[in-house]
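Peer 1: The structure that follows is given in the form of structure tokens.
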Amino acid sequence: PIACIECHHTEQPASEAAKHPPDKTAYPADRTVTLTAETAKDPKTPDVQNCRACHAQEGDKPKLLAEIPQVTFEGDTDPTPLTNDAAFHRNCNSCHDQALEARKGINAPSTNDCAKCHTGK
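In the working numbering, the protein residues as written are 1296 to 1416.
Printed below as a string of structure tokens:
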């Protein structure tokens, strides 16, 4: 199993997120608890946000942020906007494929499911 914060990387205090560059955002900003299976049961733990709450499609404004997050990767000079597809392709797709292989019937997109959401927008 993987930790909740492997995917939900904003669901930890900013001081913890900063230990895993390029992640640096915590939600909410004053968050004091890291999301785990146990802390998720506590009503005081902030609600879990989905990917698109921060990583919107290109041209859209994210629900939780003023703009789509950007990161300048090592060796690059220009920042890369982490749209939902860029974030998924960089951080999620290989794990999703492994999870689908290991646990048949789960509802997670695979690398073959792009066209289900990408409608040419």
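The beta-carbon is built from N, C-alpha and C at its ideal position, and this holds for glycine as well.
What separation, rounded to the nearest whole angstrom, lies between the Cα atoms of residue 1380 and residue 1301?
Peer 2: Each residue's alpha carbon lies about 17 Å from the other.
Peer 1: If you compare alpha carbons, which of 1337, 1411 and 1383 is closest to residue 1346?
Peer 2: The option with the nearest alpha carbon to residue 1346 is 1383.
Peer 1: Which residues share a DSSP beta bridge with residue 1393?
Peer 2: BP columns for residue 1393 are empty, so no partner.
Peer 1: List the endpoints of the continuous alpha helix (DSSP H) containing residue 1318.
Peer 2: From DSSP, residue 1318 is part of no alpha helix (DSSP H); its letter is neither H nor E.
Peer 1: Who does residue 1366 pair with in a DSSP beta bridge?
Peer 2: Residue 1366 is bridged to 1375.
Peer 1: So residue 1318 and residue 1304 are supposed to be a Cβ contact under 8 Å. How far apart are they, rounded?
Peer 2: Sure, about 5 Å apart at Cβ, within 8 Å.
Peer 1: With DSSP collapsed to three states, give me the class of residue 1400.
Peer 2: Of the three classes helix, strand and coil, the one that applies to residue 1400 here is coil, per DSSP.
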